[in-house]
Structure formats: C-alpha cells, structure tokens
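Novice: Numbering (our numbering), first residue to last: 2 to 272. C-beta atoms are modelled at their ideal positions from N, C-alpha and C, and glycine is treated no differently. The structure under discussion is supplied below as structure tokens; questions concerning it will follow.
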Ligand SMILES: [Zn+2]
C-alpha cells in the first residue's frame with residue numbers, strides 16, 4: 002500500500018540546497034528521468050526554467066531535501082527527462098516513492114491555489130515554520146486541504162459486494178464516497194451504501210486509511226455486514242454492482258494495485 006516512508010521528515014521551511022530534488026507536476030504528470038525513476042536536481046530544474054521561489058518544501062528523505070512545484074502549462078521536458086502520468090507509475094515505482102509523490106502533488110497544488118485570500122482577495126504569504134498560508138491583509142490562515150472519504154466492503158455471508166462507479170476509472174472496487182460537511186465517517190458509510198446500492202449495513206470495522214492525491218483525499222476503509230435490503234444500484238453513481246462468492250473469479254479490472262481498495266478486497270477475497 003502507498004504510504005509515507007518511516008525515514009521521511011516533513012519540512013515546512015525552504016532550504017537553499019543545490020542537492021535538492023524536486024517533484025515537478027504538469028497536471029497529473031510527474032517529471033522524471035529513467036525507469037527507476039529519478040527526480041530532477043536543482044540544475045535540471047533551472048534548465049527547465051523553474052524558479053526556486055515557486056517551489057514548496059516537502060521534507061527530508063534518505064539525505065535529500067525534497068520540494069515540489071507545478072510546471073507552467075506547456076512546459077516541455079528537456080532531453081533525458083519525460084513527463085509521466087502519476088497513475089502510470091503505480092506498480093512500477095515503490096510505495097514509499099509514490100507516497101512522497103502524492104504528498105508533493107497535494108502540497109504543490111495547495112500552494113499554487115492559495116496565492117490569494119479566499120475572504121478578502123489580498124495576496125497571501127507562506128508562514129514561517131508552519132505548513133500554512135497567511136493573508137497579508139486580514140490575517141486569515143489557510144492550511145492544506147484534505148477531503149475525507151470513506152470506502153466500505155460490504156459482506157453478506159461469504160460473499161463480498163464490488164461495484165464499478167459511473168464516474169470512475171472503470172475498475173471494480175468497494176463502495177466509496179466523500180464525507181459531507183457535518184457528517185461522521187460512520188454516517189457517511191451508512192448514507193453512501195443506502196444511496197448507491199439501497200442496502201442497510203451493520204458492524205462497521207475499520208480496516209486502514211490511505212492518502213490519495215487525486216486530488217487530495219484521505220480514504221478511510223471499512224468492512225460492514227449486510228443488514229437488510231436487496232441490491233438496487235443508483236444508475237447515476239453506479240455503473241454495475243454485484244456480489245462475488247467463493248469459487249467465483251474476481252474481475253480482472255480490480256482497484257489499482259497499491260490502493261487501499263485493493264488491499265481491502267484482497268484481505269477479504271472469498272475463499
Ligand atoms: Zn484576507
């Protein structure tokens with residue numbers, strides 16, 4: 002599962018370090034060299050016309066200072082580098098690298114979209130020593146935005162419920178949805194299961210959580226037992242939903258490897 006490596010230290014204060022490595026994003030693509038993949042150093046960033054002041058500190062990992070930046074639209078990779086879809090790196094790069102890339106992407110996007118105060122419209126400035134942006138006029142402070150979402154694998158006896166979301170990647174997964182303002186995670190589970198497939202559930206059990214950078218979710222995964230109702234998928238949200246039992250092959254297009262969804266399904270695969 003994608004995760005923050007144990008030997009990573011978050012850092013909110015920029016450093017002047019010629020050895021700095023930078024996650025440079027163009028949309029959902031990451032600028033890398035080679036297959037490993039490697040990140041551009043300070044010289045490579047300058048060669049791409051990226052100014053150090055546009056970069057957000059991310060942290061320290063294995064002796065390197067990591068930072069993040071959004072590429073201006075239309076920036077082309079220099080020879081030896083390529084922009085590669087972050088999703089395409091899943092399954093190739095290791096979990097720790099992807100965890101840091103996801104963190105970097107969220108920080109770079111947050112920084113780029115909070116240059117002005119949401120209340121009064123004046124310019125903001127990064128706060129010293131803290132991961133926050135402060136309005137230079139009214140003092141309003143903005144922190145990185147994280148949107149909690151829930152995921153639930155519903156079980157009925159030996160069977161599990163998988164679905165393809167109408168607006169998703171087309172892969173089969175557990176049910177999922179964003180928590181609404183004013184809701185607890187548990188309330189969101191009950192509401193989403195009722196809305197998406199018309200079932201009641203009980204016995205929610207926490208499984209794991211995972212940061213997911215498309216765009217800034219914190220996915221909290223559960224299992225739950227069927228408590229009533231028959232499948233009535235809401236066509237606006239669910240393209241297809243069905244139970245899978247022992248001896249039945251699960252769909253090939255399952256939730257992405259390294260996602261909490263995949264770990265949740267694999268841990269409860271009917272035997
Ligand atoms: Zn303001």
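1. DSSP on residue 53, reduced to helix/strand/coil?
2. Looking at ligand 1, does it come within less than 6 angstroms of residue 126, judged from the CB to the closest heavy atom?
3. How far does the alpha helix (DSSP H) with residue 108 in it extend, from its first residue to its last?
4. In whole angstroms, what is the alpha-carbon distance linking residue 10 and residue 106?
5. Compute the Euclidean distance between the alpha carbons of residue 141 and residue 217, then round it to the nearest angstrom.
6. What would DSSP say about residue 186, mapped onto helix, strand or coil?
7. DSSP state of residue 194, grouped into three classes?
8. Who are the near neighbours of residue 46 in its chain, counting only those whose CB is closer than 6 angstroms to its CB and skipping five residues on each side?
9. Examine ligand 1 and report whether any of its heavy atoms sits within less than 6 angstroms of the Cβ of residue 141.
10. Ligand 1 heavy atoms versus the CB of residue 121: any closer than 6 angstroms?
11. For the segment 196-245, list the beta strand (DSSP E) runs that are entirely contained and at least 3 residues long, ordered along the chain.
12. When you compare only the Cα positions, how much space is there between residue 242 and residue 135?
13. Helix, strand or coil for residue 164, going by three-state DSSP, please let me know.
14. Can you tell me which of the three DSSP states residue 30 falls into?
15. Whole angstroms is fine: what's the gap from residue 268's alpha carbon to residue 37's?
16. When you compare the segment 177-189 with the segment 108-122, are there three or more beta-carbon pairs, one atom per stretch, that lie closer than 8 angstroms?
17. Quick one: is residue 159 near chain D, going by C-beta distance under 7 angstroms?
18. Residues in its own chain within less than 6 angstroms of residue 201 by CB, not counting five upstream and five downstream?
19. Does DSSP put residue 132 in a helix, in a strand, or in coil?
20. At the level of alpha carbons, what is the spacing between residue 215 and residue 238?
Specialist: Put simply:
1. Residue 53: helix per DSSP, three-state reduction.
2. No, since every heavy atom of ligand 1 falls outside the 6 angstroms radius drawn around the Cβ of residue 126.
3. From DSSP, the alpha helix (DSSP H) with residue 108 extends over 96-113.
4. Residue 10 and residue 106 have their C-alpha atoms roughly 17 angstroms apart.
5. Between the alpha carbons of residue 141 and residue 217 lies a distance of about 22 angstroms.
6. Note: residue 186 maps to helix in three-state DSSP.
7. Residue 194 falls in the helix class under three-state DSSP.
8. Cβ contact annotation for residue 46 (same chain, cutoff 6 angstroms, sequence separation greater than five): 23, in chain order.
9. Result yes, Cβ under 6 angstroms from ligand 1.
10. In this structure, residue 121 has its beta carbon less than 6 angstroms from a heavy atom of ligand 1.
11. Counting only runs that start and end inside the segment 196-245, the beta strand (DSSP E) elements of at least 3 residues fall at 201-213, 218-229 and 239-245.
12. Approximately 45 angstroms, taken between the alpha carbons.
13. If DSSP states are grouped into helix, strand and coil, residue 164 belongs with the strands.
14. Residue 30 carries a strand assignment under DSSP once its states are collapsed to helix, strand and coil.
15. Rounded to the nearest whole angstrom, the CA to CA distance from residue 268 to residue 37 is 29 angstroms.
16. Too few Cβ pairs lie closer than 8 angstroms, so no.
17. Among the chains in the structure shown there is no chain D, since it carries only a single protein chain.
18. In its chain, beyond the 5 residues on either side, 228, 229 and 230 have a beta carbon closer than 6 angstroms to the beta carbon of residue 201.
19. Coil, per DSSP.
20. Rounded to the nearest angstrom, the two C-alpha atoms are 18 angstroms apart.
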